[in-house]
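Numbered per this note's numbering, the sequence shown spans residues 173 to 336.
Worksheet: the structure to be examined is printed underneath.
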Amino acid sequence: MPKAPKGKSTEKKIIHPYSRKATQITREAHKQEKKEKLKNEKALRLNLIGEKLQWFQNELDPQKMRYSKKDACELIERYLNRFSSELEQIELHNSIKDRQGRRHQARETVIKQTMERERQQYEGYGLVPHTPVFSEAIGKVSMQLYHLFLTLTGSVLQQYDHAH
Numbered sequence: 173m174p175k176a177p178k179g180k181s182t183e184k185k186i187i188h189p190y191s192r193k194a195t196q197i198t199r200e201a202h203k204q205e206k207k208e209k210l211k212n213e214k215a216l217r218l219n220l221i222g223e224k225l226q227w228f229q230n231e232l233d234p235q236k237m238r239y240s241k242k243d244a245c246e247l248i249e250r251y252l253n254r255f256s257s258e259l260e261q262i263e264l265h266n267s268i269k270d271r272q273g274r275r276h277q278a279r280e281t282v283i284k285q286t287m288e289r290e291r292q293q294y295e296g297y298g299l300v301p302h303t304p305v306f307s308e309a310i311g312k313v314s315m316q317l318y319h320l321f322l323t324l325t326g327s328v329l330q331q332y333d334h335a336h
């Protein structure tokens with residue numbers, strides 16, 4: 173009578189925590205986590221830039237084909253001050269003496285930090301970084317404005333303020 177074939181065990185072998193296989197699996201898991209983290213960060217960054225461009229796209233006058241530096245500076249200032257009404261509302265809530273402490277302090281802090289960061293960005297090297305990806309995504313009129321933003325800096329705005 174022939175011997176019965178031995179089947180492989182259906183249970184998975186336990187891997188020793190200090191084995192080479194365990195370090196290989198751990199290394200691969202860390203690698204995947206890093207990839208996911210980088211992918212999410214890049215998506216968030218692109219989303220923020222997309223929101224900026226969307227705001228400008230919505231604010232552009234479709235009848236206007238060219239924007240002067242004055243018009244562009246005014247548009248950028250409107251963008252930088254877009255949260256001012258919300259800040260006024262928060263200040264109004266805080267001026268009421270019903271509660272001790274500050275209401276909406278977290279939102280107020282986020283808004284102020286955003287406004288400060290965007291102002292520094294604009295005065296430092298322009299509002300929108302130059303990426304060829306967006307040249308395909310935005311229209312002809314906004315493309316002109318986009319290139320104008322790349323060349324404008326805070327010094328242009330200061331020169332404009334001194335001249336007018």
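Ideal Cβ positions, reconstructed from N, Cα and C, are used throughout, including at glycine.
Every value quoted in this text rests on a predicted model; they were computed, and no experiment measured them.
Compute the beta-carbon to beta-carbon distance between residue 291 and residue 252, rounded to the nearest angstrom, for a pair I have assumed lies under 8 Å. Position 119 of the sequence shown, counted from the start, is the residue given in the question as residue 291. Position 80 of the sequence shown, counted from the start, is the residue given in the question as residue 252. Residue 291 to residue 252, Cβ: 6 Å. Contact.
Option in 269, 262, 206 with minimal Cα separation from residue 277: Reading the sequence shown from its first residue, position 105 is the one you call residue 277. If we check each option's Cα against that of residue 277, 262 comes out closest.
Please say whether residue 217 and residue 231 have beta carbons closer to each other than 8 Å? Your numbering for residue 231 matches position 59 in the sequence shown. Your numbering for residue 217 matches position 45 in the sequence shown. Against a cut-off of 8 Å, the Cβ pair of residue 217 and residue 231 comes out as no contact.
Please state the DSSP three-state secondary structure of residue 235. Here residue 235 corresponds to residue number 63 of the sequence shown, with the count starting at 1. DSSP places residue 235 in coil when its eight states are reduced to three.
Comparing alpha-carbon positions, which option in 221, 215, 256 lies nearest residue 284? The sequence position of residue 284 within the sequence shown is 112, counting from 1. That would be 256, whose Cα lies nearest to the Cα of residue 284.
With distances taken from CA atoms, which of 213, 259, 225 is nearest residue 247? Here the question's residue 247 lines up with position 75 in the sequence shown. For residue 247, the nearest C-alpha among the options comes from 225.
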